[in-house]
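Engineer: First, the structure itself, so that you have it in front of you.
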Amino acid sequence: MKKINFLVLLTMFISIVVINSNLFAQSEPVMYFCERYDDYDGEIGVSDRFTKGHITVMVKADNPLRLEDVAIQYDLYNYRTGKFEYYKKFYFTIDRDMKYIFFEKNDESDMEFEDAGFYRVFLLDEDDKTVASALIEIID
1 MKKINFLVLL
11 TMFISIVVIN
21 SNLFAQSEPV
31 MYFCERYDDY
41 DGEIGVSDRF
51 TKGHITVMVK
61 ADNPLRLEDV
71 AIQYDLYNYR
81 TGKFEYYKKF
91 YFTIDRDMKY
101 IFFEKNDESD
111 MEFEDAGFYR
121 VFLLDEDDKT
131 VASALIEIID
């Protein structure tokens with residue numbers, strides 16, 4: 001009888017852990033960075049630390065984002081004030097059914113980090129609401 005009670009309790013505990021982990025699984029879009037994106041090789045040089053210059057911002061979601069006009073915004077951390085301050089913003093048009101997107105330098109957006117420091121990078125919708133964000137460090 002003790003073994004049955006133990007097995008029932010163990011089964012309940014494992015079930016709760018599994019259900020709880022599923023509840024907290026990533027359901028929002030994820031943002032990360034790479035040196036560049038290649039159609040054949042995919043993401044090249046994925047990191048959260050880069051030297052000054054151009055980078056590629058990647059956004060991956062489980063479901064289509066349902067967005068058209070978006071922006072990538074950089075905010076630079078100001079060590080004197082202890083706050084992030086607006087740095088740059090780049091505008092893009094994407095397809096509504098996209099769930100895996102890369103944003104890179106183009107004719108309208110240079111996507112360049114010119115100053116070293118810590119940045120908060122946002123994917124914003126047409127109402128400037130945050131869709132995804134991540135931190136990145138730029139070094140000399």
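Read in our numbering, the sequence shown has 9 at position 9, and its numbers run on one by one without any break. Here a beta-carbon is modelled for each residue, glycine too, at the ideal position from N, C-alpha and C.
1) To the nearest angstrom, how far is it from the Cα of S109 to the Cα of I55?
2) Give me, in chain order, the residues of the same chain whose beta-carbon lies closer than 8 Å to that of Y37; leave out the 5 immediate sequence neighbours on both sides.
3) In chain order, what residues of the same chain lie with their CB nearer than 8 Å to the CB of E126, ignoring the 5 residues before and after it?
4) Return the bridge partner residues of N78 from the DSSP annotation.
5) Which of the three DSSP states, helix, strand or coil, is assigned to S109?
6) In angstroms with no decimal places, state the Cα-to-Cα distance between E112 and L124.
7) Ignore the nearest five residues each way along the sequence and tell me which others in Y119's own chain have a CB closer than 6 Å to its CB.
8) Considering only residues of the same chain and omitting the five flanking positions on each side of N63, which have a CB-CB separation below 8 Å?
Structural biologist: If we stick to the structure as given:
1) 11 Å
2) E43, I44, T56, M58, F102 and E104
3) If we look at E126 and ignore the five residues flanking it on each side, its Cβ neighbours are L67, E68, D69 and V70.
4) K83
5) coil
6) Their Cα atoms are separated by approximately 18 Å.
7) Y74, L76 and I136
8) Residues K99 of the same chain have their beta carbon placed closer than 8 Å to that of N63, with the five preceding and five following residues left out of the count.
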